[in-house]
Structure formats: structure tokens, C-alpha cells
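Scroll down for the structure; my scribbles are underneath it.
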Amino acid sequence: MHLYHQNRRETEINNMGKRIYLGIIYSITAICIIIGIIINVWDIPSLSWISDSFKSKKYITYTENLEAFDNLDIDTSLGNVNVVNGTSFSIEYKGNSSYCPEYSVNSSTLKITQPDSGNKIIKNIHLKNVKSELTITIPSDVTLTTVNCDINLGNSELTGIKGSDITSHVDMGNLTLSDCSFSQYNIDTNMGNIDISRCSFDTMHLGVDMGNASVKLPSSDAYGYNLETDTGNVNLYGTNYKRNCSYNTDAKKMITAKVNMGNIDIYE
């Protein structure tokens, strides 16, 4: 009997040791995953930003007129991006000089980039001290062919813009469109909300990993809907559905929305 209890105690000790060992392994794995996500999102090449993060940065502002263009291509890493209508083609930047974008108009395309901005962002990781805003103005009587926006960290807002196709992606931030007119929309965010109001379209594809998708649109038989969320609710003009809703799918004008973690709201 004594030998039985001794063996049982040794087994319990071994099991406890295994649990502690596995707990340590799981904790290390979780930390590695979190570090990997941070490195992937911000493109961290090293931890040299620690010694540089307290250096003062110059705040600048400028506005310049642009030659006419038909296509807009934006690729930024940090800062809010606004595309609005006005009386002329122009670009305005307000913010840290380290994140000042480069731009050019070639072959009827305005291309905007932030070279090496991944390194600069990490060197001033205190984002509350970093305010950057880019505004592109399009004449109200101009219809663009394509609009492509790829934003890593920041909000994107388009107001009163017309075109054929728009593709917009935001990693971390909200995406807002109002009073726009495009034939086809392909809009997605990784972590942030999509808010669309008073926009005309033929097809609209929305995707959200973590956040909500909302569309303000008059109720009409002209529109059809394929709406799905993994963990959330779907609200179609006041009627709630659990996770998914398909309605009037033969319509010529379709909204397709897929949200992984969040809600979908279609309202008037």
C-alpha cells in the first residue's frame, strides 16, 4: 500500500511538472505570436526605435496644385487619408516631416507613397504624438477611372468622389465613404469599421476581420444582399438575423458583406 501511494505521488508530481512545462511553452508561444503580429503589422526591422523615440520631429504643412489625372493610387503606412471633391486637383499634407509622402503624376495616374515609412513609424512609436493627415482634392465634375487605397495605420475618408472602380484596404483604422458614385466597390479592413452612406453602386463587396460594417441605403427592390458574420448580428432595415442573411439575390445591384468579428447594419 505504501508503495502504491508513493508511485501515485510520483505520478502526480510528474503530471504537475508536465503541466507547468506545457504552461511555460504555451506562454512563450503566445508571446512569440504577439511579437510576430507586431512585426508584421509595423514592419519592424529592429528595436533601434527605443533610443530615437524621444527625438523631436518637425511638423510641416503644404498644399500644391496637381495636373489632371484619371487614376488615383495611394499606398501609405501612417496617417489619415482624405479624398474630397472641390474645384481643382490638389494635394495637402499636414504632419510630421518624417512621414511626408512622395507623389507623382504619370500616365494619368497620381501615385502617392511613403518610402521607408515602416522604419520611421517604429522610431517614433508613441503614436499619440504623431499626427499626420493627407488630403487629395478632385474637381467635382471629374469622374475617375480607378481608385486604389492601401493604408496600414490610419483612417480613410472619401467624400463626393465619382469613378468606375474603387479598391480600398485599411489594416488598422476606419474607412468611411459618403456621397460617392462608383460602379464597383471592393472595400476591406483588418481592424476597423466600414461606414458607407448615400453612395450609388452596381456591386459592393465589403470585408471586415474585426469591426462593424454599416451601409446607409434607401430600401428598394433594386438592391440584393448577401450578408454574413461569424460572431455578430445582421440588421437589414430593422430586421435582425443571426449571423447571415440573403435577400433578393437576383437583383442587378448587389451588396456582399463578410464580417468575421462584428455586426452588419443596412439601414435607411
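Each step along the sequence shown adds one to the number in my numbering, with nothing skipped, and position 201 is 222. C-beta atoms are modelled at their ideal positions from N, C-alpha and C, and glycine is treated no differently.
{"Asked": "contact_flag[the segment 169–187, the segment 78–98] where n(CB pairs < 8 Å) is 3 or more", "Found": "yes"}
{"Asked": "Own chain, CB closer than 6 Å to N233, minus 5 neighbours either side, in chain order", "Found": "N214, G283 and N284"}
{"Asked": "Own chain, CB closer than 6 Å to N269, minus 5 neighbours either side, in chain order", "Found": "G245"}
{"Asked": "Three or more C-beta pairs below 8 Å linking the segment 201–217 and the segment 125–137", "Found": "no"}
{"Asked": "Under the three-state DSSP convention, the category T240 falls into", "Found": "The sequence given here places Ser at residue 240; Thr does not occur at that position. Three-state DSSP puts S240 in coil, outside helix and strand."}
{"Asked": "N109 in three-state terms, based on DSSP", "Found": "First, the amino acid is wrong: residue 109 is Ser here, not Asn. Note: S109 maps to coil in three-state DSSP."}
{"Asked": "Between the CA atoms of L131 and S218 - distance to the nearest angstrom", "Found": "26 Å"}
{"Asked": "C-alpha gap between L238 and C220, whole angstroms", "Found": "8 Å"}
{"Asked": "CB of S81 within 8 Å of CB of C121, strictly", "Found": "Contrary to the premise, residue 81 reads as Ile rather than Ser in this sequence. Their beta carbons are under 8 Å apart, which means I81 touches C121 by this criterion."}
{"Asked": "Separation of S235 from L227, as counted between CA atoms", "Found": "10 Å"}
{"Asked": "Of the listed residues S111, D223, I287 and V191, nearest to K274 (C-alpha basis)", "Found": "D223"}
{"Asked": "N207 to N117 span [Cα, whole Å]", "Found": "30 Å"}
{"Asked": "6 Å CB neighbourhood of T167 in its chain, flanking five on each side removed", "Found": "N92 and D186"}
{"Asked": "Whole-angstrom C-beta distance between G184 and F203, which should lie under 8 Å", "Found": "5 Å"}
{"Asked": "Where I287 falls, given that 16 or more other Cβ within 10 Å makes a residue buried", "Found": "buried"}
{"Asked": "Separation of V191 from N169, as counted between CA atoms", "Found": "11 Å"}
{"Asked": "Residues sharing a beta bridge with F203, DSSP", "Found": "G184"}
{"Asked": "Terminal residues of the beta strand (DSSP E) in which R219 lies", "Found": "Neither: R219 is in no beta strand (DSSP E) and is coded neither H nor E."}
{"Asked": "Close-in-space but distant-in-sequence residues of the same chain around Y258 (CB under 8 Å, 5 per side omitted)", "Found": "S240, I287, Y288 and E289"}
{"Asked": "Residues near K79 in its chain [Cβ-Cβ closer than 6 Å; skip 5 each side]", "Found": "S118"}
{"Asked": "Among D230, Y262, V105 and K263, nearest to P160 - alpha-carbon criterion", "Found": "V105"}
{"Asked": "Buried or exposed (CB count within 10 angstroms, at least 16 for buried), T250", "Found": "buried"}
{"Asked": "Close beta carbons around T108, own chain, < 7 Å, minus the five adjacent residues each side", "Found": "P160"}
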